[in-house]
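Contents: one structure, followed by commentary.
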Amino acid sequence: MHKMHNTPLGRVFDVFNHIFLALLGLATFIPFVYVIAGSFATESEIAARPFFLIPETITTAAYDYIFSTTTFIRSIGVSVLVTVLGTLVSLLLTMTMAYPLSRKKLLGRNLILNLVVFTMVFNGGMIPTYMVVKSLGLLDSLWALILPVAINPFYLIIVKSFFQNLPSELEESAKIDGCSDMGVFWRIVIPLSKPVIATFTLFYAVFYWNDFFNALLYISDSAKWPVQLLLQQLMMVANMDFGEMDTMLADPPEESLKMAVVVVATVPILIFYPFLQKHFAKGILLGSVKG
Amino acid sequence: MSLLSMKSRKVKTNGPLDTNQLTKTQQLLKDKWLYVLLLPGIVYFVLFKYMPMWGVLMAFQDYSPFKGFWQSDWVGFDHFQYFFQNPDFFRLLRNTLILALYDLIFFFPAPIIIALMLNELRMQFFKRTIQTLVYVPHFMSWVIIASITYVFLTTSGGAVNAVVEYFTGEKINFLSSPDWFRPMIIGQVIWKETGWGTVIFLAALASVSPEQYEAAIMDGAGRFRRMWHVTLPALRSTIVILLILRLGNFLDQGFQQIFLMTNSLNRSVADVFDTYVYFVGITQGAFSYSTAVGLFKAIVGIILIYGADYLAKKLKQPGLF
Chain L
943 MHKMHNTPLG RVFDVFNHIF LALLGLATFI PFVYVIAGSF ATESEIAARP FFLIPETITT
1003 AAYDYIFSTT TFIRSIGVSV LVTVLGTLVS LLLTMTMAYP LSRKKLLGRN LILNLVVFTM
1063 VFNGGMIPTY MVVKSLGLLD SLWALILPVA INPFYLIIVK SFFQNLPSEL EESAKIDGCS
1123 DMGVFWRIVI PLSKPVIATF TLFYAVFYWN DFFNALLYIS DSAKWPVQLL LQQLMMVANM
1183 DFGEMDTMLA DPPEESLKMA VVVVATVPIL IFYPFLQKHF AKGILLGSVK G
Chain G
534 MSLLSMKSRK VKTNGPLDTN QLTKTQQLLK DKWLYVLLLP GIVYFVLFKY MPMWGVLMAF
594 QDYSPFKGFW QSDWVGFDHF QYFFQNPDFF RLLRNTLILA LYDLIFFFPA PIIIALMLNE
654 LRMQFFKRTI QTLVYVPHFM SWVIIASITY VFLTTSGGAV NAVVEYFTGE KINFLSSPDW
714 FRPMIIGQVI WKETGWGTVI FLAALASVSP EQYEAAIMDG AGRFRRMWHV TLPALRSTIV
774 ILLILRLGNF LDQGFQQIFL MTNSLNRSVA DVFDTYVYFV GITQGAFSYS TAVGLFKAIV
834 GIILIYGADY LAKKLKQPGL F
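Chains as they are written, first to last, in this note's numbering: chain L, 943 to 1233; chain G, 534 to 854.
Below you can see the structure in the form of structure tokens.
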């Protein structure tokens, strides 16, 4: 990147630096490779060899098994549904709330903003939130995985700042042409916000896909478990006594089976990874700009 | 067109149409569509953020699901008193603080060091490949990370224990050993978040102008002196801000992570405030008591955040708010 006069010591450092970082890259990557390899291996091989990157005999038995159980297929369905629906709801609520808050002259704007920021430093906590969800009759409903976490206040503030920085001339000329605020929002602001929408679609989607804890709290009916919770139960049941469990698989899950579930729960993230990497870095830098 | 509208905006702010001169009702009517857009969001915050805040009053009750919120008896600070006299309190405080301290010592510097090392790479392809690899775990759920940890650390055929057994002749039960709990938690955090943590530092480094390096070279600064005198100072304000932020949520150890790695054998070191609230409140049904514990933690948390903000402003850094 910049011109350097490399000293012998600098060269030694360079060699060390490259080797160390390459090892670091491998150390983050290899566990995934092992899990993928294990998911295609036979039980006896997993038991015999503690570590391998390519199985001796490749079998899809674990996948055949999980894809033949309704429990597993249903949990994938639940995860996909919650992720898609949740992301839509979250985006819609975040955008519609951020836009009015970006208008400096709106009456009551500062009060609402302060109340939003306050929720970032103080909250009622797990039990009172649970009580609210319960009293709304949302227990054991998939809406309980979406509505209580629908707006992330951090994202709301970032989107608000983005709207604030849009050129106001566009909105004003649209108004002169007879557009209402509603029309300006849908026809001018939203089309101008595509990059931000893309970023936060991914932020929310990753959150919904990865979430297991809200399901643990609010969903006791195992037919409505998302795949992350199913995986958590599979892992914990086999390894630990972890309170009361209702396993729906007749025989305790085998090693390759668990690894196959890990792989399936990871695959969507890996598919979207190139977009994630790009947009998340953008998001983190957006977030560091104060609004 | 844009010139015209800019002019008209000027007229608006100074002229007779100034919004300050409209009555409040006129303003509300003028912005009616904006309030319509705002409404769903407000309903969300009222229902799921402010109702629970009001619900913390349960901490001062002896809440009974049969009597409901309105009929339950008020007990004042009984639950708090019980909590502070309970040996659990010191155990939770100790566990939380030790984990936070370990996190600060072992995890916090890691992304800074790796960012500095990445910054010294000159082959862009190699640099990008490494970045692409080390960012991956950040996007995985804690369930995935915990599952992979189980697979590697288990005593029945785990790769790590195979190595340990080869060298020492016996296996270590990492997953249920109280001694290994903290190193395991910090190790997971380092593995999952170090790579991603470099993003913000690399961004700060990208803004250092090449002239600064050239000037340093002209002054005869070698590679390491440039790193010390140009690169590291460029990171200083980012490091200070992140440190302050960390102090602001010192008590917030990753709840999901700790919950997933907790079991009956390592509870003595694993329990922190948040997981305790879950186990006592949700699993054992002590709603009022666990709400009191949660409220205590939230209040200490708010003091820490405002303290951190005060500190930031004292140090002439942009505050948190």
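Here a beta-carbon is modelled for each residue, glycine too, at the ideal position from N, C-alpha and C.
For the stretch 670 to 744 of chain G, the full-length alpha helix (DSSP H) segments reaching 4 residues or more read 675 to 686, 692 to 701 and 711 to 739 along the chain. A distance below 7 Å between beta-carbons, with the five flanking residues on each side excluded, links P644 (chain G) to the following residues of its chain, in chain order: T727, G730, T731 and F734. For L775 (chain G), the enclosing alpha helix (DSSP H) covers residues L765 to G781.
With its beta carbon at least 8 Å from every one in chain G, R1016 (chain L) lies outside the interface. By the criterion of a C-beta distance shorter than 6 Å, V693 (chain G) is surrounded in its chain by F685 and L686, once the five residues flanking it on both sides are discounted. Straight-line spacing of the CA atoms in D611 (chain G) and E653 (chain G) works out to 59 Å. One finds nothing in chain L with a Cβ atom closer than 7 Å to the Cβ of R769 (chain G); even the nearest lies about 15 Å away.
Within the DSSP bridge table, the entry for Q594 (chain G) names G:W607 as partners. In the three-state DSSP reduction, W587 (chain G) falls in the helix class (H, G or I).
Of the candidates L:S1103, L:F1127 and L:I1100, L:F1127 places its Cα closest to the Cα of L1112 (chain L). Cβ neighbours of F806 (chain G) within its own chain (closer than 7 Å, five residues either side excluded): L625, T629, L784, V826 and K830. Residues of chain L whose Cβ lies closer than 8 Å to the Cβ of I815 (chain G) are, in chain order, M1068, I1069, Y1072 and L1159. For T1029 (chain L), same chain residues with a beta-carbon under 8 Å away, outside a window of 5 residues either side, are T1143, Y1146, A1147 and Y1150 in chain order. For D1082 (chain L), there are no neighbours in chain G by C-beta distance under 7 Å, as the nearest C-beta there is about 14 Å away. For the C-beta of M673 (chain G), the chain L residues within less than 8 Å are, from N- to C-terminus, N1152, T1208 and I1211. The stretch 585 to 599 of chain G makes contact with the stretch 810 to 821 of chain G; the number of CB pairs closer than 8 Å reaches 3 or more. Taking 8 Å as the CB threshold, K1220 (chain L) stays off the interface with chain G. For N1065 (chain L), the residues of chain G that pass the 8 Å Cβ criterion are K582, P585, M586 and A831, in the order they occur in the chain.
Taking C-beta atoms under 8 Å as the contact rule, M1062 (chain L) and P1095 (chain L) qualify, at a distance of about 5 Å. Among the CB atoms of chain G, one or more fall inside 8 Å of the CB of A989 (chain L). Sequence-ordered contacts of the stretch 740 to 773 of chain G with chain L read P743, Y746, E747, I750, G755, R756, F757, R759 and T771 [C-beta pairs closer than 9 Å].
Residue-level contact by beta carbon holds for K557 (chain G) and chain L, with a gap shorter than 8 Å. Residue state for A754 (chain G) is assigned as coil, using DSSP reduced to three classes.
With contact defined as three or more Cβ pairs closer than 8 Å, the stretch 1018 to 1038 of chain L and the stretch 1148 to 1167 of chain L are in contact.
D752 (chain G) and R779 (chain G) have their C-alpha atoms roughly 37 Å apart. In the structure shown, D1153 (chain L) adopts coil according to DSSP, grouped into three states. R991 (chain L): not part of any alpha helix (DSSP H); DSSP gives it neither H nor E. For a Cβ distance threshold of 9 Å, nothing in chain G lies close to V1026 (chain L): the least Cβ distance comes to about 17 Å.
Annotation: the continuous alpha helix (DSSP H) that includes R661 (chain G) extends over Q657 to Y668. In this structure, L1048 (chain L) lies away from L570 (chain G), with their beta-carbon atoms at least 8 Å apart. Q850 (chain G) and I1000 (chain L) have their C-alpha atoms roughly 57 Å apart.
Distance check between R1045 (chain L) and each of L:I1132, L:S1110, L:W1167 and L:G1120 places L:S1110 closest, using alpha-carbon atoms only.
For P1095 (chain L), the enclosing alpha helix (DSSP H) begins and ends at P1095 to Q1106. A direct Cα-to-Cα measurement between V669 (chain G) and F958 (chain L) gives close to 23 Å. By the CB criterion at 8 Å, G781 (chain G) and I838 (chain G) fall inside the cutoff.
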